[in-house]
Amino acid sequence: MKMTRLGIMAALPQELGDLIAQMRTAGEVRAVTLGRREYFVGDAYGVPAAVTLARVGKVAAAATASALIHVFEADAIVFTGVAGGVRADVRVGDVVVADTLMQHDLDASPLFPRYEVPLLERARFDADRSLSDALGAAAAAFIAEEGHALSERFAVAAPRVHRGLVVSGDRFIASHDALFALRDALPDALAVEMEGAAIAQVCYEHGVPCAVVRTISDTADAAAPASFVEFLTSIAATYSSGIVSRFLRAAA
Ligand code: ADE
2 MKMTRLGIMA ALPQELGDLI AQMRTAGEVR AVTLGRREYF VGDAYGVPAA VTLARVGKVA
62 AAATASALIH VFEADAIVFT GVAGGVRADV RVGDVVVADT LMQHDLDASP LFPRYEVPLL
122 ERARFDADRS LSDALGAAAA AFIAEEGHAL SERFAVAAPR VHRGLVVSGD RFIASHDALF
182 ALRDALPDAL AVEMEGAAIA QVCYEHGVPC AVVRTISDTA DAAAPASFVE FLTSIAATYS
242 SGIVSRFLRA AA
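Position 174 of the sequence shown, counting from 1, maps to 175 under our numbering, and the rest follow consecutively.
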């Protein structure tokens, strides 16, 4: 897919890796402050891009996606970051590429079916197939080329790439009860995070293709806070830089 300008988002700086620094070494980068966020407009591995940090949560993500589309004229959006593993075989260090996304905490029942976005008549929003395929290929290449170093340096065992449902909500899931409630309610959920479905909804409303790639930082249980912080500070940037750089080089 040839992109006029790709919007690239993450929630936290570690989730963006060295992308902005790489853009700066490649050429001029215009920094624009808007809505208490900085947007960096320039060339990302040969792809015209607007890159920004959304901060955490669905409102922050939706507002940022909207600005990327309307102010920075992004014609596709990619989100990169970490997530909690929900399905039992999704482990720390694995990568999940969303096929579809939904808000696990949206509930206007009994007025509307649980999870459905009122008046939009749907709960699930599909990621763009070709962007997601390209992210999946980039993640697989990253793991094939750097998986060995990952296991040596960070004790990540044989990471895998998964495709499927990613669920989003304004809540950090960090208990056995919350995790099992999520699994019971949405048995096909692979991973949980706090932004993806909001971006997918905004992109759906505007007919803009989007994709979400998430590295698993924790398994959404009582160990999640410590695992999340450790993963974020030690390795999240390595994953994000490795995956996004391969994705962009292939797209350029
Ligand atoms: N992002 C990373 N881990 C998460 C979790 N356990 N819950 C929600 N968002 C997350």
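Ideal Cβ positions, reconstructed from N, Cα and C, are used throughout, including at glycine.
Extent of the continuous beta strand (DSSP E) run through residue i
i	result
Ala299	Outside the displayed range of the chain (2 to 253) lies residue 299, so it cannot be described from this structure.
His163	Val162 to Ser169
Ser67	Per DSSP, Ser67 belongs to no beta strand (DSSP E); it is in the alpha helix (DSSP H), Lys59 to His71.
Phe80	Ala77 to Gly86
Gln104	Val96 to Gln104
Ala192	Ala190 to Glu194
Unbroken alpha helix (DSSP H) run spanning residue i, endpoints
i	result
Gly243	Ala237 to Ala252
Ile174	Looking at the DSSP string, Ile174 is not in any alpha helix (DSSP H), and its letter there is neither H nor E.
Ala109	Unbroken run through Ala109: none, as it is neither H nor E.
Ala212	Element bounds for Ala212: not the alpha helix (DSSP H) but the beta strand (DSSP E), Cys211 to Asp219.
Sub-9 Å separation of residue i and residue j beta-carbons
i	j	result
His163	Val213	no
Gly86	Ala158	no
Ser241	Ala198	no
Leu102	Glu117	no
Glu16	Gly82	yes
Ala55	Ala11	yes
Gly165	Asp189	yes
Ala66	Val203	yes
Ala140	Val98	yes
Ala68	Ile9	no
Residue burial classification, residue i (beta-carbon count within 10 angstroms, cutoff 16)
i	result
Phe248	buried
Gly28	exposed
Leu35	exposed
Phe126	buried
His71	exposed
Val60	exposed
Ala252	buried
Gly208	exposed
task = Would you check if there are 3 or more beta carbon pairs closer than 8 Å linking the segment 175-188 to the segment 65-84?
result = no
query = Listed in chain order, which residues are found with a beta carbon closer than 7 Å to a heavy atom of ligand 1?
reply = Val83, Ala84, Gly85, Arg172, Phe173, Ile174, Ala175, Val193, Glu194, Met195, Ser218, Asp219, Ala221, Ala225 and Phe229
Three CB pairs or more closer than 8 Å across the segment 236-252 and the segment 213-223 = yes
message = So, does the segment 141-157 touch the segment 120-130, judging by three or more C-beta pairs under 8 Å?
response = no
inquiry  = Does the segment 17-31 come into contact with the segment 40-56, if we say contact requires no fewer than three beta-carbon pairs (one atom in each stretch) closer than 8 Å?
reply    = yes
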